[in-house]
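Please read the structure below before turning to the comments.
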């Protein structure tokens, strides 16, 4: 197939016929307007852009099987000539100008990673990995013989209508019929998701499914298993039932799967820290590392793990939803119209809007960027107050950052930074002794690392920070390659100590201090060229 | 007492060392302990509260101001007790059973102390019996409860019910606060007052003891 309209200006895109983009290995065809950034086409399909689509990592690379894409300077820098010759490109650097057939590296590379850490032993059959998030669900069908991902599906957790945040959902679970309503809700939805997954892969794989592995935080674990949520509702937030849950598909009402297909919800660590973090530790190789490392999931309930293979301490810290753009005056999710980047340019600043249209609001990464830029420009003081005493800063009409938004961010970043500091202290470590910091979760992918350092969210050198994407799903996927997926997790959780930050006086003190911003940019943030290592 | 206005500044700016030193100097120079509290420290904490309401101050400033005030109060309190001066009132406060988020509670404690109240801090995860015990043995005027979680809010009602059952309800006023709490909820469970911020606690407590 041929198609090179790349020479045409974008201006008359509307006059041109829509282009078709076929995706392998899904066999799905998308249509789009010529000139659309490829990130806008692929992101809704669940493709992740680990560096936030800035051409800094290679996480979003695609291989052109049919059609043509030009080579950008970033691609020349990050890819070898052989790779470029073989058709590899970075999706975040491309626009769709003509019809294309693409191979998506991401959905295969997760397990077949070129890096040695992800060895797998081929097994007959297929497996399904599911990340049961409080807000979002993500599922992948994996061929256990080849390690290839055959289909991907995501969705919004339908339990959310009974409480968007964990605590309100747990409150509902404690009402009569609450727990059973929530359990049947999520089980039905996941059954449908699995049906979609199998249908998307062509249907012929259903008979081959050997096992299904689910991961999620302790509340999701309990609400899926219809366990008593009461212990999670109050101090000390420790459940007597943190173990692995096992089901057969019939008892869950999941149809179309072969007899003997097992469903396993991996075990929890302690408190609210669940198998999503255990899976994340497996996925990042944390369970095998000698040198001290830090694992941070920058979600609403920020989870932090510090240590090495032999001993880890973990804690969760209530960061609140600011990183997701919630409780922010003009906050929104990272979608079209969101200001996703703010950068100082001399005395002024520049905003990047997702989808390149009119700005409608501010997403989490834009919030962190805006505050970092405000600090650099002297618009925001280190105590979080606007220097001019005002209560808002217009970033780009009509989007403004309000004083109370800066305050929300102070609470969120204070909780994470103080949590990390307390766990480091508990482990007898200094920040500079940590060799790697893994940032799990979508926000870690979109966050600009130098901005995160500027606001004091992550007190580690930028070269140590590795945005790692959905490590929960990746870890669940790795577990599929074992006859007994829970074994690795069961052994791992024995080496982890769960620590309750809430009662710790050091944490309280650190929290107060970490609510302020560093007066200056941390040193050496741009001493050397941008890191090109794979996250 | 304008000669000790530096004490006002030290509390307002959260400088605990300066607050302590200035208090010692003032007392050594013969300043009246009660007037140091009334003329400098309470106005400073009032100003802290005002700036918090106006978004000028945030949680850290509030807490360090409270710390500075405490440093000063440690020097003054023994003298006040010796002189037999009465506090504006006595408040027992804590986070309710099941809840251990105490930053808000600590702020309220600090504001109340700064506002001239004697505070019996019962800490976190406080069972109803402990509140009742505080009423019985400490002769408190006000019980203040905080809860940060929707799941622990119901403990407030449990505690009030227990106080009623113990026959102690008419001896105390009850004020509540915390992120999920509303004025309607306070009315529903039979509390006397609701505060939407730590800064508002002093005014509410003053009103309650005056009532």
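Protein chains in written order, with my numbering: chain A, 58 to 592; chain B, 751 to 961. Where is the CB? At the ideal position from N, CA and C, for every residue including glycine.
- Counting every other CB atom within 10 Å of its CB across the protein chains shown gives residue 407/A a total below 16, marking it as exposed.
- When the beta-carbon positions are compared, residue 841/B and residue 894/B come within less than 7 angstroms of each other.
- If you ignore the 5 residues before and after residue 260/A, its C-beta comes within less than 8 angstroms of no other C-beta in its own chain.
- Excluding sequence positions up to five before and after residue 394/A, its CB lies within less than 8 angstroms of the CB of 410, 411, 412, 414, 415, 416, 417 and 418, all in the same chain and listed in chain order.
- Membership of residue 564/A in the alpha helix (DSSP H) is indicated by the continuous run 562 to 571.
- Shown here, residue 788/B sits in a helix according to DSSP, grouped into three states.
- In this structure, DSSP gives residue 214/A a state outside helix and strand, which the three-state scheme calls coil.
- Listed in chain order, the non-local C-beta contacts of residue 262/A below 8 angstroms within the same chain comprise 183, 198, 200, 207 and 255, local neighbours out to five positions each way being set aside.
- In this structure, DSSP gives residue 895/B an extended state, which the three-state scheme calls strand.
- DSSP places residue 524/A in the strand class (E or B) of the three-state scheme.
- Between residue 867/B and residue 838/B, the C-beta gap is smaller than 7 angstroms, which places the two residues in contact.
- Residue 773/B is outside the set of residues whose beta carbon lies under 7 angstroms from a beta carbon in chain A.
- Taken through DSSP and simplified to helix, strand or coil, residue 495/A comes out as strand.
- Taking CB atoms only, residue 805/B has a neighbour in chain A less than 7 angstroms away.
- Contact between residue 898/B and residue 857/B does not hold, since their C-beta atoms are separated by about 12 angstroms, which reaches or exceeds 8 angstroms.
- Non-local C-beta neighbours of residue 157/A in its own chain, meaning closer than 6 angstroms and more than five positions away in sequence, comprise 78 and 124, ordered along the chain.
- With a contact defined as Cβ atoms closer than 8 angstroms, residue 959/B and residue 882/B miss out at about 20 angstroms.
- With fewer than three CB-CB distances shorter than 8 angstroms, the stretch 396 to 405 of chain A does not count as touching the stretch 85 to 95 of chain A.
- At a beta-carbon threshold of 7 angstroms, the residues of chain B lying near residue 448/A are 805, ordered along the chain.
- If you draw a straight line from the Cα of residue 809/B to the Cα of residue 160/A, it comes to about 51 angstroms.
- Each residue's CA atom was taken as its position, placing residue 485/A and residue 327/A some 22 angstroms apart.
- In terms of beta-carbon proximity, residue 848/B lines the interface with chain A, with at least one pair separated by less than 7 angstroms.
- Contacts with chain A at 7 angstroms (Cβ-Cβ) do not include residue 843/B.
- Counting only the Cα atoms, residue 768/B lies some 14 angstroms from residue 777/B.
- Remark: C-beta atoms of residue 878/B and residue 826/B do not approach each other more closely than 7 angstroms.
- Scanning the stretch 787 to 861 of chain B from its first residue to its last, the whole alpha helix (DSSP H) runs of 4-plus residues come out as 792 to 803 and 809 to 833.
- DSSP places residue 333/A in the helix class (H, G or I) of the three-state scheme.
- Around the C-beta of residue 139/A, fewer than 16 other C-beta atoms lie within 10 Å, and the residue is accordingly described as exposed.
- Under the three-state reduction of DSSP output, residue 94/A falls in the strand class.
- Within the stretch 211 to 234 of chain A, 224, 225, 227 and 228 place their CB atoms closer than 7 angstroms to a CB of chain B, listed in sequence order.
- When beta bridges are read from the DSSP output, residue 944/B appears opposite 926/B.
- The C-beta distance from residue 104/A to residue 185/A rounds to 19 angstroms, too long to meet the 8 angstroms contact threshold.
- In this structure, 573/A is the residue among 544/A, 561/A, 282/A and 573/A with its C-alpha nearest to the C-alpha of residue 511/A.
- Listed along chain A are 440, each with a C-beta nearer than 8 angstroms to that of residue 811/B.
- About 34 angstroms separates the beta carbons of residue 425/A and residue 367/A, which is beyond the 8 angstroms limit, so they are not a contact pair.
- In the structure shown, residue 221/A falls within a coil segment according to DSSP collapsed to helix, strand and coil.
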